[in-house]
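Working notes, structure below.
There are 2 protein chains.
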Amino acid sequence: MNSPALSLSRRLRQSPFEGRSHHGARAASVYNHVVLPTAYASLEEDYWHLREHVQIWDVACQVQVQIQGPDALRLVEYLTPRDLSKIVPGQCVYAPLIDEQAGIINDPIILCLAPDRYWLSISDSDVLLWVKGLAIGAGFDVEVTDPDVFPLSLQGPKSETLLSRLVKEPLSEVRFFRFIETEIAGIPLVIARTGWSGQGGFELYLDAPSEGERLWDAIVDAGADLDLRPGCPNLIDRIETGLLSFGNDMTLRDNPIEAGLDRFFKMGKAAEYLGQKALEQIAESGPDKRMVRLVVPGAAIANPRGTYAMEVGEAKRSGEVTSITYSPRFNCNVGLGYVPAEASDVGTEVVIHGPDEFVTGQIANNDWGTSG
Amino acid sequence: MNSPALSLSRRLRQSPFEGRSHHGARAASVYNHVVLPTAYASLEEDYWHLREHVQIWDVACQVQVQIQGPDALRLVEYLTPRDLSKIVPGQCVYAPLIDEQAGIINDPIILCLAPDRYWLSISDSDVLLWVKGLAIGAGFDVEVTDPDVFPLSLQGPKSETLLSRLVKEPLSEVRFFRFIETEIAGIPLVIARTGWSGQGGFELYLDAPSEGERLWDAIVDAGADLDLRPGCPNLIDRIETGLLSFGNDMTLRDNPIEAGLDRFFKMGKAAEYLGQKALEQIAESGPDKRMVRLVVPGAAIANPRGTYAMEVGEAKRSGEVTSITYSPRFNCNVGLGYVPAEASDVGTEVVIHGPDEFVTGQIANNDWGTSG
């Protein structure tokens, strides 16, 4: 099938950057009801450029849900097993949100703007409706809104060089997962040292949509000598980095222990949270399946739809590939997927039911090696 | 800007029909995390064909939210100002869902499968999360799920001729907004006399995704002599019919009285519902703005992004176009939009700030005339 063109409508919320970011975009998707460019030159060219230079990404689709009011912290705590009791203004925390059965609702970065005001910078589901529903149903004293705040991301090794030309604060003092409130060309911004790549960078939160193109242009002008290009979250980079994608690698049908997100929280946090009982049971009995990294030698496995079945280990237990792409750096396919917990050791053989034939790979460690 | 190609991923839920429906689709969007084809031959050719023949639409994106359990009816009632106390199994009801401020959350068709089991056949927002949140927060005794149920739509004047070849029940006995449980080629289906066009037709709800292509093929085979073609919701037809599109013509920032949806409910229903107080206040004081139909003579106004500002009436009050397209039948542009309530009379002049120039039109009546 040839890919149809993406048709626009008012229903798709307008990014303040799209007058710039859509130029040269060859492909795009829709994420949180916003257009997300997904390829410029090509997946591979974009990948190499991201690793070497700096890219400007229109990630307005990373929508904000604002929780404000006397019960804001108590509600944010209620949404996630991650302990947020020590969160301070200027801090970002990655936190899976779960439902009553510990299924993953979303995996936002939570920004603490004030002790009674938080942004959830979300992946692709209507967290606004989830949080509003819970807050109204259970009577939390908060306002839950989706403010007109749109992130722009600078990613790649030259991000800091570029951004330091534009803001007056010394960026070396902005630690990983911290943010400052500052401005560029007189445009107020929240700037965080975060971003959905393995190459380092910053996310700039704009709350004045009418300034979107001026902000974009100011950045592009400042980056002329740095080979700055428009880009977007890159499938190869994010799989190599082990960044899970909500909707692809985890859904409401998966829990955060299965997905390996338990490295972001400790069981037994003091504050009450939804799904606690279900999660404690899973932690105690152990999950049925585990998210693992996969390496698959041989030709590139194209996989626009993600899912392939696989047989895992000698017992041929069933597993599922959730994301896969060809790594031009490792010269093999790299993927993510779920395997039975009892067959999740590094080095275990997997047979993937690929598009054309069965292909054999192995469970890899975090460096994409296959020895434990 | 050239439209980028729509890129697919596992994150976009797979329609059981896409192996068929994506063939020949020139454009597509994403709706409820599912790909929705939006054009085949062309907007205008698809329109004429729909008015004369029968089309098969992949509307798997019209996702179902199932509410089941002892409190199911009480919860469904809680979601909407529409009185559902008399709903019976086999009945469909169009009902706006609102939040605590009477903002529109979604506008599903509610199917009563049993007194304790309902499907909300939704427009584009994660109603699953909204209803789950409310149910958990307020302690309703229900299960809220998104079952693997995918609608296929047959629309156009020959729909009944076609469908009657495939089901054993006499379709003349299936009234508007009623459904039956039946089968085609041995595939169990819920079939309702509903659909998002003005040309009549049926929606077929499939709960066995693996049968999607076989169902599609059985229908296509049966329609060979009827000029059956694949199609999709058609912008011209739906505006002419006055069908509002959630996300385009109404959002959380609009209430159902402003949107003119109050023709679907009466104030003062007995059961408790969310937003009642806010809605009663709006009903009492009257809405600030009203959804109206607009006719605009002259050249076609292209409008992929929907919104144009407009000046309404002699006082040049501000209004907003939410949808507009050129009607080849009326030889003018037809649109929908909000105008100040005090300037909403049929015949009122509007000046639209179009893409290239200001154009003048009028508020129309339900037959697209401009005399009250």
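These protein sequences, in sequence, are chains D and E.
Mapped onto our numbering, the consecutive letters of the first sequence carry residue numbers 674 to 1045.
Mapped onto our numbering, the consecutive letters of the second sequence carry residue numbers 674 to 1045.
All C-beta atoms, glycine included, are put in the ideal place defined by N, C-alpha and C.
Task: Burial state of Met-674/E (16 or more Cβ within 10 Å) - done: With a pLDDT of 46 at Met-674/E, under the threshold of 50, the modelled position of this residue cannot be trusted; read the value that follows with caution. Result: exposed.
Open item on the list: In this structure, how does DSSP classify Ser-991/D when only helix, strand and coil are distinguished?
Closed with: strand
Open item on the list: Check this for me: beta carbons of Asp-910/E and Ser-870/E, under 8 Å apart or not?
Closed with: yes
TODO: Kindly list, in the order they appear in chain D, the residues whose Cβ is closer than 9 Å to that of Ala-712/E.
DONE: Pro-677, Ala-678, Ser-680
Task: Buried or exposed by the 16-neighbour rule on C-beta atoms within 10 Å, applied to Phe-1031/D - done: exposed
TODO: Anything in chain D within Cβ reach of Ile-778/E, meaning under 8 Å, just list it in chain order.
DONE: Leu-802
- [ ] Can you grab the Cα-Cα spacing for the pair Leu-1015/E / Ala-951/D, in whole Å?
- [x] Per the sequence shown, the amino acid found at residue 1015/E is Glu instead of Leu. Straight-line Cα distance between these residues: approximately 54 Å.
Task: Within 7 Å of chain D by C-beta, residues of the segment 681-694 of chain E in sequence order - done: Leu-681, Ser-682, Arg-683, Arg-684, Gln-687
Task: Segments assigned beta strand (DSSP E), at least 3 residues, entirely inside the segment 677-722 of chain E - done: 700-704, 707-712
TODO: Return the CA-CA distance between Thr-867/D and Leu-825/E, expressed in angstroms with no decimal places.
DONE: 42 Å
Task: Ser-1017/E: first and last residue of the uninterrupted alpha helix (DSSP H) it sits in - done: It is not in any alpha helix (DSSP H) - Ser-1017/E carries neither H nor E in the DSSP assignment.
- [ ] Along the alpha helix (DSSP H) that carries Gln-954/E, what are the first and last residues, could you check?
- [x] 949-958
Task: Neighbour list for Glu-913/D in chain E, Cβ cutoff strictly below 7 Å - done: None at all; the shortest Cβ gap to chain E is about 17 Å.
Open item on the list: Tell me the DSSP secondary structure of Gly-806/E in three-state form.
Closed with: helix
Open item on the list: Looking at the strands, I want to know which residues DSSP matches up with His-1026/D.
Closed with: Phe-1031/D
Open item on the list: Does Ser-837/E come out as helix, strand or coil in the three-state DSSP assignment?
Closed with: helix
Open item on the list: By the three-class DSSP mapping on this structure, what secondary structure does Arg-1069/E have?
Closed with: No information on residue 1069/E is available, as it lies outside the stretch 674 to 1045 that chain E covers here.
- [ ] Identify the contact partners of Glu-773/D in chain C, using a Cβ-Cβ distance below 9 Å as the criterion.
- [x] As a matter of chain content, chain C is missing from the structure shown, whose protein chains are D and E.
TODO: Would you tell me roughly how many angstroms separate the C-alpha atoms of Ile-795/E and Leu-807/D, rounded to the nearest one?
DONE: 20 Å
TODO: Just mark His-1026/E as buried or exposed, buried being the case when its beta carbon has 16 or more other beta carbons within 10 Å.
DONE: exposed
Open item on the list: Contact criterion: CB-CB distance below 8 Å. Does Leu-947/E meet it with respect to chain D?
Closed with: yes
Task: Candidates Asp-814/E, Ser-798/E, Leu-746/E: closest to Leu-784/E by CA position - done: Leu-746/E
Task: Within chain D, partners of Arg-699/E - CB distance below 8 Å - done: Pro-677, Ala-678
Task: Interface flag, Asp-821/E vs chain D, CB-CB below 8 Å - done: no
Task: Identity of the residue in Gly-873/D, Ala-698/D, Gly-742/D nearest Leu-723/D by Cα - done: Gly-873/D
Open item on the list: Whole angstroms are fine: how far does the CA of Lys-989/E sit from the CA of Ala-1037/E?
Closed with: 18 Å
Open item on the list: Please state the DSSP three-state secondary structure of Ser-1044/E.
Closed with: coil
- [ ] Using 10 angstroms around the beta-carbon of Lys-805/D, count the other beta-carbons present and answer buried if the total reaches 16, otherwise exposed.
- [x] buried
Open item on the list: Three Cβ pairs or more, each shorter than 8 Å: is that satisfied between the segment 935-949 of chain D and the segment 750-769 of chain D?
Closed with: yes
Open item on the list: Using only the alpha-carbon positions, how far apart do Val-727/E and Arg-686/D sit?
Closed with: 32 Å
TODO: For my contact list, Val-800/D and Ile-778/D are in at a C-beta cut-off of 8 Å; report their separation, rounded to the angstrom.
DONE: 7 Å
Task: Integer-rounded CB distance, given that Gly-692/D should sit under 8 Å from Glu-886/D - done: 5 Å
Task: Local conformation of Leu-908/D per DSSP, three classes - done: helix
Task: Beta carbon of Phe-937/E nearer than 8 Å to that of Tyr-767/E - done: yes
TODO: Alpha carbon to alpha carbon, how far is Val-822/E from Gly-859/E? Give it in angstroms, no decimals.
DONE: 17 Å
Open item on the list: Give me the residue from Ile-864/E, Gln-735/E, Ala-811/E, Pro-1001/E with the minimum Cα distance to Ala-972/E.
Closed with: Pro-1001/E
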